[in-house]
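Q: Quick one: this structure, given as structure tokens, is what I'll be asking you about.
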Amino acid sequence: MKGLIVSLFLLLPGLSVFAADRIVSLAPHTTELVYSLQAGEQLVAVSEFSDYPEAAKTLPQVASYQGVNFEALMRLKPDLILAWQGGNKPQDIERLQSLGFEVFLSSPQRPEDIASELKALGKRLGKSELAAQLADDYLQKLQKLRDTYAQQTEVKVFYYMWPTPMMSIGPHAWASQMLAICNAQNVFADALSDYPEVAMEGVLAHKPTQIVAAFEQPRSQLLAFWQPWKAVLAVSDEAIHSVNPDTLHRFSLRLPEGISELCGKLHTP
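Mapping to my numbering: the sequence shown position 30 is 217, numbers consecutive.
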């Protein structure tokens, strides 16, 4: 009943909604959005890997890749739960809804969707004005990046998220959209899945001119991994890069920062 009433309030302009004094975030990016809206003090628990900003690290964790810890979550008595469709288990989301919790669902498909979700969450938290300002600034940064790198010569990129087994990205993967903003061609854009496991022979056959590792490791280790194949690919050390997966793969306002880093490395003179 409470969820129905909240929905009605959201539909009626000029009316305030019930305050969300106890928020639980079940994904790192929704945690970041709450802090962006200056509502971090209302968070009572977060998910595993909610490590930005620093304050998020001090909060209890009630969700991981294994699912939601319902016992811990229910003890906290949240009045709003932020869940990620595509990240949290569907059965966990359904159970939360069946238990009567109000669940805000996040499901961005494009970079621009982050602005829309921020504004929707801002409306729910009574932060509409701040959300609109942040969303406009974010969209302007995205457009500036698109305009800047549209003028650059296209480069062929092999982008991978893990070395063993080697996992790359397909046509509809989130990172493929980031490469497109950089005017970079994903060499596995014709893959049959969004996160294909690929063999080194396939990488060599696609002849990328740039290589991007989207995970953390020492640069010496990254270069050592590619040393046996550099001559075949005809790439130099300067064409082998690593990027911060947190800024590129999280649906947060830090995304333009991550895209800027990626594009800058791919188009370094």
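Don't be surprised by glycine CBs; every beta carbon is placed ideally from N, CA and C.
This one's a predicted model, so the numbers in the text were calculated from it and none came from an experiment.
DSSP three-state call for F345: helix, strand or coil?
A: Strand at F345.
Q: Check each candidate in W361, G274, K417, V390 and name the one with the smallest Cα separation from G445.
A: Checked all of W361, G274, K417, V390; the closest Cα to G445 is W361.
Q: Among all the DSSP beta bridges, which residues are the ones paired with Q272?
A: Paired residues: N275.
Q: Mapping the DSSP letters down to three states, classify F291 as helix, strand or coil.
A: Three-state result, F291: strand.
Q: Go to S212, then tell me how far its beta strand (DSSP E) extends in each direction, as first and last residue.
A: Run containing S212: 210-212, per the beta strand (DSSP E) assignment.
Q: Work out the CA separation of A302 and Q327 for me, nearest whole Å.
A: Each residue's alpha carbon lies about 11 Å from the other.
Q: Can you name, in chain order, every residue of its own chain whose Cβ lies under 7 Å from the Cβ of E403, other than the five neighbours on each side?
A: Correct list: empty, nothing qualifies.
Q: Do you know how far the Cα of D323 is from the Cα of K314?
A: Whole-angstrom Cα-Cα distance: 14 Å.
Q: What's the gap between the Cα of T335 and the Cα of L329?
A: Using only the alpha carbons, I get a separation of about 10 Å.
Q: In its own chain, which residues sit with a C-beta less than 6 Å from the C-beta of V374, not counting the 5 before and 5 after it?
A: For V374, where only same-chain residues beyond five positions count, the Cβ hits under 6 Å are K343, F345, H393, P395.
Q: Strictly under 8 Å for the Cβ-Cβ distance: is R282 near chain D by that measure?
A: Considering every chain present, this structure includes no chain D. It has just one protein chain.
Q: Identify, in the order they occur along the chain, each residue of the same chain with its Cβ nearer than 6 Å to the Cβ of E235, setting aside the five sequence neighbours on each side.
A: Q248, S251, listed in sequence order.
Q: Ordered along the chain, which non-local residues of its own chain (more than five positions away) have a Cβ less than 6 Å from that of S429?
A: So the qualifying residues of the chain are A400, L409.
Q: Quick one: what's got a C-beta closer than 7 Å to G227's C-beta in the same chain, skipping five residues either side?
A: The answer, listed in chain order, is V221, A242.
Q: Give the secondary structure of E403 by DSSP, where H, G and I count as helix, E and B as strand, and everything else as coil.
A: If DSSP states are grouped into helix, strand and coil, E403 belongs with coil.
Q: Tell me the residue span of the beta strand (DSSP E) that contains V385.
A: No beta strand (DSSP E) contains V385, which DSSP labels as neither H nor E.
Q: Does the beta-carbon of T217 have 16 or more other beta-carbons within 10 angstroms, so that it is buried, or is it exposed?
A: Classification of T217: buried, given that the 10 Å Cβ count is 16 or more.
Q: Kindly list the residues whose CB is nearer than 6 Å to the CB of M353, restricted to its own chain and excluding five residues on each side of it in sequence; keep chain order.
A: Contacts found: Y347, V385.
Q: Specify, as a first and last residue, the run of the beta strand (DSSP E) that S363 falls within.
A: Taken as a continuous stretch (DSSP letters only), S363 belongs to no beta strand (DSSP E), being part of the alpha helix (DSSP H) at 361-368.
Q: Just list the residues that DSSP pairs H428 with in beta bridges.
A: DSSP lists V399 as partners of H428.
Q: For G313, write down the residues that DSSP places opposite it in a beta bridge.
A: DSSP output for G313 lists no bridge partner at all.
Q: Please classify V290: is it buried, with 16 or more other beta-carbons within 10 angstroms of its beta-carbon, or exposed?
A: Buried, by the Cβ-count rule.
Q: Per DSSP, which one or two residues make a beta bridge with Q248?
A: DSSP lists V233 as partners of Q248.
Q: Could you tell me the alpha carbon to alpha carbon distance between G287 and D266, rounded to whole angstroms?
A: Each residue's alpha carbon lies about 10 Å from the other.
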